[in-house]
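Notes to accompany the following structure.
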Amino acid sequence: EKQFTFSFPNLIPTEPAKVKIYAASVADVPTSMSVTINGTNVDNFSFQAILDPTYASGDFFNGSVTLNAPEVTVDLAYNNNGNPSSHGYLDYIAIEATRGLAFEGNQFIFKNKTVVNTPGIAEYSMTNASSVTEIWDITNKYDVVSFKNTDQNSVLNFKAVSGEAKTYLAVTPSDYFQPLKDGTVNIANQNIKGTIFKNNQGQFQDVDYIIVTPDNLMSQAERLAQIDRDIYHLNVKVLGLNEIYNEFSSGNQDIAAIRNMVKYVYDNASAPDKRLKYLCLFGDASFDYKDRIPNNTNVVPTWHSLDSFSLTNSFVSDDFFGMMDLDEGDMATTNKLDVAVGRILAESPQSAKELVDKIELYHKNSSYASWRNDVVVISDDVDRDWEGVLEQTTDQIGNLITQEKPYLNVVKIHSDAYQQQSSASGERYPAVNKAIKDAIEVGALVVNYFGHGGEDGLAHERIFDKNDSQEVRNSCKFNCFVTVTCEYTRFDNPLRPTAGEYVYWNPQGGSIALITTTRQIFVSVGISFNIKLEDYLFAFDDNELTSMAEALRKTKIDPTISGIQQRRLVFFIGDPAMKLAFAKPNIKLTKINDVPIGTTNDTLKSLSKIKLSGEVLDEAGHLMTNYNGILTTTVYDKNIQRQTLANNNIYANGQLVKLNFETLGEKLFIGQATVTNGLFDINFVVPRDVGIPVGNGKISFYAKTETPLQDQAGANFDVLIGGINENAAEDHTGPIVKLYMNDENFVSGGITNEAPTLLAKLQDDNGINTASGIGHDIVAIIDDDETNPFVLNDYYKANVDDYTNGEVTYPFRDLAPGLHTLKLKAWDVYNNSGISEIQFVVHDKDQELTITNVLNYPNPFINYTEFWFNHNSSEPLDVSIQIFTISGKLVKTLNGQTEAGGCCNQGVSSLSRNMVWDGRDDFGDKIGKGVYVYKLKVRSNQLNKQVEKIQKLVIL
């Protein structure tokens, strides 16, 4: 129960007061609230039990109440109906009472509504008015009329025209209002409107892209701007939030100021086709505009709907900032998005740096690899009779991508095609969790999930949750994560970070961009939206490739999409100018075993030695004779027909709900070859585990060259695969397996952090089997736990121009501290096996910093030595080496850092050897021969810990 009091001096009790009260309840059962005013019950609110998607139930009182005293007490008593988890809420109480017109010592506003109904002249009399100097008619703030009390009469009379609503202000010199002013702030001269279109030479230049950010993120926003200038040749302007507020909203926080600035730039372009294209809101956002909650993230504010009781009608949207037509901006269904809008979810300079680092890395040489040919589609399982459409839509999307962009390799992960398991926390699909994480870490250009979801992850079975989002390590292979599902990235609630935010924030992997939802979305909308989105995102029908945010904008304004209002729920998180890293066409297979394609070509039979020849072409189909680089070739067996398992035994229309679908065949070979003047040859031996029936397989090509940095892709579907080579030479020798952790300097028994990268070097005269034959996978086992094997076929790649040698790189996660034994077994294409074993000690990096094996090499030395040590940190460490004479005199200090983690599953080396010394002192002079002592100091800034070791060296 709560009580609220109000005071109305000079109350006229004969005039009923108008009272408005709005309250709400959040409860699983029906509840109520009584409303009592001055001891008299005036209403009883009834609240319904809430059911999804309703978040609260409200009730409203709007009526006249007779007040018998100037002091008014409002009592609200909430009845939770025996449910202690129920909560009642008050929105507001508004009371409008009639008072006698008497001055009470402070200026005040007054009006009389009854004069509206009596045209003519009305006279007002104010008592106790001797200190009132004027009455102002403020009905029109641009035309204020004054009635003066020159004689300082205690009763002030004035007349005015009646028949219309009028508002007055009683003014006293001792009580003038003062504009609010922050005396500590000096506003520097600024002129956005006068400078936004000027280039460095002061000449007019249309603006392509605006980034809006607060001052503390300005340096990282400028970094992003320069990236987009360099990559996409855009004219990018970075504007500070405060400057926008100063110029467009009198210095106050106002989302309309941001939109008005954008509209000014959009409207003043030199031509319609030169208008602003992209807007980036560089900063996180929150539902709390007033910073009332701890750790708030209201960095760059966003638009929120007024309806807060419905999870479908209460939503957040950045579309508001990109609707540029006249009379738009109220988020009506007719409003259309004119500018592609994206948001960088940075809440601090550090998070901003990490996100821009990922964007920068996306365009670097190290990110150019064959993962750009891969796309992953993931579906929810079937828990209810109508949910078969989730699988069907996902499969349709995969098939459309295959049909329109055949060079792309679509990986389908239908949850219901895996065995469901029961656990204490509900039904789960551990094999699906692993399949998704593996697919992300192997690399994919786009990952698209369709089905149920929420703030904690994808699907009720949690097939990809918050932990998974933070654990995936796919640096240099960042994907665009498409999740047209409910609330997956509800970023405007600082109190509950979401799985979508974690996959975007992940500094070692995750996504480069999200096309994602922030509230509940209807399945019917999700189906049409997702299918149309792929059309624009992948540039079907030879449409021009646009940025990801522009593809989303086009989808939102497409007339074929149902549920116009719900389009607002879909956000682009990331750089709105960024395009997907599609490789350009084309790579063409020209010969098999030196026989031109189109004649009678050899079938790729089991154990046959194959030579593939081809050429890299430009988009016009001409040989690129100046193309020199590296080609990656993936040979797929024939497509596989599969069916989901109907784990939940769901029937629809009398039929068990199952999906028949087609997937790519097994990977028979992944290898690399040199491209010289646009031509290449690549050799391999077909594994014995190839499917025997003859049919068409797929050969996927990806090539990159560094001068200039570019990549090409292509595919061939005419190659026949199957049958047995009965003349194959015999081979009974298994592959040679050499194991390391993090890098080849590792020695068995050494130390690592809790997330080391396995590096396995494999050699066999006929090549390694990756065809996933039964019992013939590349498998790693840790600590003899054969119930949890690590299948590593997708992580193997043959060396350049050498199919007999290759390597596996696999990032482990969250290994327990202590000694571990790892065994790896691999098979050659003849199904001969080889096995190797390695031991390593995991030191928990969050508990301690450990260094071992401190030495310098060579030792003794003349004029060059390296300082070596092993450590267990995944972060760069500060290193200091002090060199002393035997008597303790300091002669040299060396400072540096260990190397940071590498790309593409290359872990942080546990061995540091990048500190070198030439035998000279701090003044550059050669020091004498003899024995010296050195102290190695290694510091972790993350742990705020330091360790030291002392050793000796000898100079000859």
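Quick note on our numbering: the sequence shown kicks off at 1 and runs consecutively. Every residue, glycine too, gets a C-beta built ideally from N, C-alpha and C.
For the pair of segments examined, the stretch 244-264 was found to touch the stretch 190-197: the number of CB pairs separated by less than 8 angstroms reaches three.
DSSP places V442 in the uninterrupted alpha helix (DSSP H) bounded by 430-442. In this structure, P576 keeps its C-beta atom at 8 angstroms or more from the C-beta atom of A257. Taking a 10 Å sphere around the C-beta of H732, we find fewer than 16 other C-beta atoms and assign the residue as exposed. Between T555 and F529, the beta carbon gap of about 6 angstroms places them in contact (Cβ cut-off 8 angstroms).
Per DSSP, the unbroken alpha helix (DSSP H) holding W505 starts and ends at 499-505. DSSP, read as helix, strand or coil, puts A417 in helix. Check the Cα spacing between T172 and each of E662, S162, N149, V155: the tightest is with N149. At a Cβ-Cβ threshold of 8 angstroms, I835 and V737 count as neighbours.
A distance of 8 angstroms or more separates the beta carbons of A170 and M218.
By the CB criterion at 8 angstroms, L656 and G388 fall outside the cutoff. Going by DSSP, P811 is part of the beta strand (DSSP E) stretching over 802-811. Rounded to whole angstroms, the gap between the alpha carbons of T603 and R462 is 44 angstroms. Counting along the chain, N766 sits inside no alpha helix (DSSP H), nor does DSSP assign it H or E at all.
If you draw a straight line from the Cα of F790 to the Cα of D743, it is about 19 angstroms long. Residue range 890-897 is occupied by the beta strand (DSSP E) that includes T893. If only uninterrupted beta strand (DSSP E) runs of at least 3 residues are considered, those enclosed by the stretch 156-226 are 156-162, 168-171, 209-213. Collapsing the DSSP output to three states places V685 in a strand. By the neighbour-count definition (other C-beta atoms within 10 Å, threshold 16), K698 is a buried residue. Counting along the chain, G58 sits inside the beta strand (DSSP E) bounded by residues 57-65. If you ignore the 5 residues before and after N295, its C-beta comes within less than 7 angstroms of the C-beta of P494, all in its own chain and listed in chain order. Between Y932 and T885, the C-beta spacing is below 8 angstroms. G767 places its beta carbon 8 angstroms or farther from that of V694. Here K277 is buried, its C-beta having at least 16 other C-beta atoms within 10 Å. Taking every protein chain shown into account, the CB of N793 has 16 or more other CB atoms within 10 angstroms, so this residue is buried.
Within the same chain, and ignoring the five residues on either side of M915 in sequence, the residues whose Cβ sits closer than 8 angstroms to its Cβ are E866, F867, V879, I881, L894, G896.
Residue burial annotation: G671 is buried, with at least 16 other C-beta atoms found within 10 angstroms of its C-beta. Residues S34, V35 of the same chain have their beta carbon placed closer than 8 angstroms to that of N41, with the five preceding and five following residues left out of the count. Inclusion of D357 and E391 in the CB contact set at 8 angstroms is not warranted, their separation being larger than that value. With contacts defined by Cβ atoms closer than 8 angstroms, T31 and N68 do not form a contacting pair. In the structure shown, F529 falls within a helical segment according to DSSP collapsed to helix, strand and coil. In this structure, L345 places its C-beta atom within 8 angstroms of the C-beta atom of F491. In this structure the stretch 298-313 touches the stretch 271-289; the number of beta carbon pairs closer than 8 angstroms is three or more. The C-alpha of N727 is placed about 9 angstroms away from the C-alpha of S608.
Its chain contains A27, D28, V29, P30 as the residues whose beta carbon lies nearer than 7 angstroms to that of A49, once the 5 sequence neighbours on both sides are disregarded; these appear in chain order. When only Cα atoms are considered, S367 and N479 end up about 11 angstroms apart.
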